[in-house]
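For reference, the structure is listed below as structure tokens.
Protein chains in written order, with this note's numbering: chain A, 1 to 238; chain B, 1001 to 1131.
This is the structure:
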């Protein structure tokens, strides 16, 4: 008996059994248009007469001056930036954006804990006044003569890269940074002298390269493996 | 604004250059370089002071956090600008397409409705006030 009652109750409230489907006829639904006004006439001939302006007519949205139909790039004067970045192929590396920065900067920042994210996540201690070091504090920086231990010399890889970008740097800045190979005493000397030195070095490099080429040619002629083909380096040189 | 950013850039460049020179000095340290090193250390503190002074001038500069990700990955931050511009342009074109399509739809709809329900549409137009 109990079981039968339960089932009957479930069936009673089941939306499937409702003649109006899943919706309860009691729940009043809001008029989304805001204009649905009707007059219901009862009597011998009951009828529903719409008394509002128009069924389903909504107030049109207020026209905004700026929509997606406008060329927003032109509106905000960004066409210059667009043509600047869309036309040419940008170099991927960070070092091409900051060519004057010494050291290896193209490696991921997380590798050497130099990421900018870490500055946000673990902000440094700020608010303390920055004061020049006293003579006692400077004593802490008294160093032993001699080269750095091997593990701290990783940054020395940078000058090789810098050397490659030398010409580029001159375009950006007039007074180029002193080369890492420069001795300590030369730091801060006139740039004019450096230019001459660099030119000399450049000429010397050219001569060295020529000699190397000649040597290679001779070697290839004499070697039994010589097949007459060019090596990849020769390809790039020729 | 531009000048304050340029000032900051110059200060940072000078600071980096100073650090680089300290690196050269300490990488093969000579006893006679101690004084130079001390001077460089003092100028390091001075450089930090100068950068600290400039912070008030760049308070209103907002940098998107995503740019930091590009830099942290060793990528050119201008690529972020490029990606943003391309995305914005694509979205702008999409939205314009949608708006144009809806405009055409509205025009066609009105045309067809005026053919089938001319009286109602006249009423509608009168209410709307766009006759």
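For glycine and all other residues, C-beta sits at the position ideal for the given N, C-alpha and C.
The segment 1016–1083 of chain B is shown to contain whole alpha helix (DSSP H) runs of 4 or more residues at 1034–1054 and 1065–1072, in chain order. Residue 41 of chain A is bridged by DSSP to A:47.
Between residue 1016 of chain B and the set B:1003, B:1072, B:1030 and B:1041, the nearest pair of CA atoms involves B:1041. If you look at residue 119 of chain A, you'll find it in the alpha helix (DSSP H) that goes 116–121. Under the Cβ criterion of 8 Å, residue 80 of chain A is not counted among the residues facing chain B.
Residue-level contact by beta carbon holds for residue 1013 of chain B and chain A, with a gap shorter than 8 Å.
Using a CB distance below 9 Å, the part of the segment 107–118 of chain A facing chain B consists of 107, 108, 109, 110, 114, 115, 116, 117 and 118, ordered along the chain. Collapsing the DSSP output to three states places residue 93 of chain A in a strand. Contacts with chain B at 8 Å (Cβ-Cβ) do not include residue 128 of chain A. If you check each beta-carbon in the segment 54–69 of chain A against every beta-carbon of chain B, the ones closer than 8 Å belong to 54, 57, 60, 67, 68 and 69. At a Cβ-Cβ threshold of 8 Å, residue 1036 of chain B and residue 1024 of chain B do not count as neighbours.
Judged by beta-carbon spacing, residue 1110 of chain B lies beyond the 8 Å limit of residue 1058 of chain B, meaning their Cβ atoms are not closer than that value. Less than 8 Å separates the beta-carbon of residue 85 of chain A from that of residue 1085 of chain B. Neighbours of residue 46 of chain A across chain B, judged by C-beta separation under 9 Å, do not exist; the nearest C-beta is about 24 Å away. Taking a Cβ-Cβ threshold of 8 Å, none of the residues of chain A is close to residue 1060 of chain B; the smallest such distance is about 18 Å.
Distance from the CA of residue 1055 of chain B to the CA of residue 80 of chain A, rounded to the nearest whole angstrom, comes to 29 Å.
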